[in-house]
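In the numbering used here, the protein residues as written are 424 to 772. Ideal placement from N, C-alpha and C gives every residue a C-beta, glycine not left out. Quick caveat: nothing in here was measured; it's all calculated off a predicted structure.
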Amino acid sequence: MSDISKNEEDNKILNEAEVAIKTAPTAPESLNTEVVSKPRPKSSYPKKIRRIALCLSLILIAYFIFSNRGLSDLPFFDRFFWQPAASYEDYEILYAGQIAENDYEAALESTEAMIGLYEAQEEPNLSELWVRKGCLFALLGEYESTFEALSEALEQGGDPAQIYLLETQFYADLNDYVNTIIALENYLQAKPEDTQMRSTLAQVYMTYSDYKKAALEYEKLAAALPENAEYFFYLGYCRMQLKDYNLAVSAFDSSESLGAQYINLYYYRGVCLMSLSDYEKAVADYTKALEANPAEAQTYRYNRGLCLVQLLKYKEAAEDFTFSSQNGSDEELKSTSLSFLELLKDVLE
C-alpha cells in the first residue's frame, strides 16, 4: 500500500472515531464507590486443624463464663441470659437516690430487696431495715403496714426507745390518743431519763383531763429537775383540779420561789387558799393576780369579794362586787354580784 493510500485509511478511521466519541454514553450522575473484591487467600492450616482450634476456643470461653461465675446450677440455656445480681451496696446507692427524688415506692422496693439479701445470708442486723420500711410505709400513708414493720423491727432486736418514739409520732399523726399514750409510756420505760418526752406525756394527760396521771408525771419531773419552776406550776395546777388543795398550794409556793412568771399562778393559788378557808392569803393572792393580769379583773374581784365577805369586810367586798357587776363579759358573775350587793345593802346602811 502506498503512503497516500495509508494516510487516507488512517484519516477515515480517525473520522469514524471522532463521530463515535461524540455519541458515546456519558458518566452516571451518582458516583459508584464500590471496590473490586479480591479473592481471600486460603488459610495455610488444614481445615481439620482449624475446626479443632475453634472448638477448643468455645470450650474455654464457656468454662470461663459459666464456671467462674457460679452458674453451673442454672439450666444450660438460662446461663446465656444471666446478669450479675445487685449487691447490698448497689441497693443502698439506689435507695439514696430514690429518697432524694421522693420516690418512696421505689425506695420501699429497694429496702425490701436489701431485707431479702440480709435474710438470705442470715445476717442478724435486720432491725434498721425494718424501721426504714415502717417509715416509708408512713410516708405512703399505709399506717397499718407501718406498725407491722415496726413490730417486726422490735422482734429483730431493734432499739425499743427509737421504735416506740416513732410509734408515738405516727399515732399522734392519726389523732389516736389511746395508742399515743401507750407508745409514750413504752418509750419512757425504755428511756426514763428523757424529761422532755415525760413532759410531753404529762401535757397529753392534761389535754384529756387525766390530771391524776399528769400529776404523777410532773412529780417525777420535779424530782428529776427540782430547779424547774414550770414543772411545779403544772403540778400545782393538776393538784388543784384534783382538789388536793394543800399539795397544790405547796407546788405553787415552790414555783413562785423558783421565780415563776405565770400570770395565773396567784389566781390558782388564791382559789386553793379560798377553798381551804385561808381567806387572808387568798385576798392577797387575788390582789397580786389583779396586778399581773388586769384583763381578768371581773373574775378576780368577784372572788376577792367573796373572801372579804368571809372576813366581814363588807365595804371592801361591796366595792369588788360593784366592779364585777358592771365590767367584764361573764353575765352570770354580773348577776351574782348584784345579788350580793342586795344582801350587803342592809349591812352597809
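Inset, instruction - Would you tell me roughly how many angstroms separate the C-alpha atoms of S673 and E679, rounded to the nearest one? - result: 10 Å
Legend entry - Inter-stretch contact at 8 Å, needing at least 3 Cβ pairs: the stretch 715 to 724 / the stretch 732 to 740: no
Legend entry - Within 7 Å, strictly: CB atoms of S760 and S747: yes
Legend entry - Helix, strand or coil at S678 according to DSSP, with G and I counted as helix: helix
Legend entry - Unbroken alpha helix (DSSP H) run spanning L756, endpoints: E754 to L771
Legend entry - Residue from S568, T630 and N726 whose Cα sits closest to the Cα of S700: N726
Inset, instruction - Name the two residues that bound the continuous alpha helix (DSSP H) containing Y641. - result: Y634 to A647
Legend entry - Backbone CA spacing between L559 and N598 [nearest angstrom]: 19 Å
Legend entry - Contact check, A671 vs G659, beta carbons under 7 Å: yes
Legend entry - Cβ neighbours of Y628 in the same chain (closer than 6 Å, five flanking residues each side left out): K636 and A637
Inset, instruction - Look at the alpha carbon of L589 and the alpha carbon of R662, and state the distance between them as a whole number of angstroms. - result: 31 Å
Legend entry - Proximity to T693 [Cα-Cα], best of Y709, E642 and Y685: What sits at residue 693 in the sequence shown is Gly, not Thr. Considering only alpha carbons, the answer is Y709.
Legend entry - E533 versus A509 - alpha carbon distance: Sequence inspection shows Ser at residue 533; the Glu mentioned does not correspond to that position. Approximately 11 Å between the Cα atoms of the pair.
Inset, instruction - Could you have a look at I686 and say whether DSSP puts it in helix, strand or coil? - result: coil
Inset, instruction - Could you tell me how far apart the beta carbons of L540 and Y511 are, in whole angstroms, since I believe they sit closer than 8 Å? - result: 5 Å
Legend entry - For P615, the first and last residue of its enclosing alpha helix (DSSP H): Element bounds for P615: n/a, residue is neither H nor E.
Legend entry - Secondary structure of A606, DSSP reduced to three states: helix
Legend entry - Separation of A715 from Q684, as counted between CA atoms: 9 Å
Legend entry - Boundaries of the alpha helix (DSSP H) in which A720 is found, first to last residue: A720 to Q733
Inset, instruction - Verify whether the separation of the beta carbon atoms of T630 and L607 is less than 7 Å. - result: no
Legend entry - Pick from Y657, P649 and A646 that is closest to T623, judged by C-alpha positions: Y657
Inset, instruction - Report yes if the CB atom of Y610 is closer than 7 Å to the CB atom of A646, and no otherwise. - result: no
Inset, instruction - Could you spell out the range, first to last residue, of the alpha helix (DSSP H) harbouring P583? - result: P583 to D596
Legend entry - From E578, Q664 and Y641, residue whose alpha carbon lies closest to that of V554: E578
Legend entry - Alpha carbon of F675 to alpha carbon of Y641, nearest angstrom: 13 Å
Inset, instruction - Pick out whichever of L644, D769 and E575 has its Cα sitting closest to the Cα of F655. - result: L644
Legend entry - Opening and closing residue of the alpha helix (DSSP H) in which S533 lies: Y527 to A543
Inset, instruction - Give me the Cα-Cα distance between I488 and P615, rounded to the nearest whole angstrom. - result: The predicted model places I488 with a pLDDT of 42, which falls under 50 and marks its position as unreliable, so this point remains unresolved.
Legend entry - Assumed close pair T569, F593 - CB separation to whole angstroms, cut-off 8 Å: 6 Å
Legend entry - Three-state secondary structure assigned by DSSP to Q619: helix
Legend entry - Host alpha helix (DSSP H) of D513 (start-end): Y511 to A523
Legend entry - Residues near S490 in its chain [Cβ-Cβ closer than 8 Å; skip 5 each side]: In this predicted model, S490 has a pLDDT of only 45, less than 50, meaning its place in the structure is not dependable; the value taken from the coordinates is given anyway. Closer than 8 Å at the Cβ level, and outside the excluded window around S490, lies no residue.
Legend entry - Residue from L563, L549 and S550 whose Cα sits closest to the Cα of I522: L563
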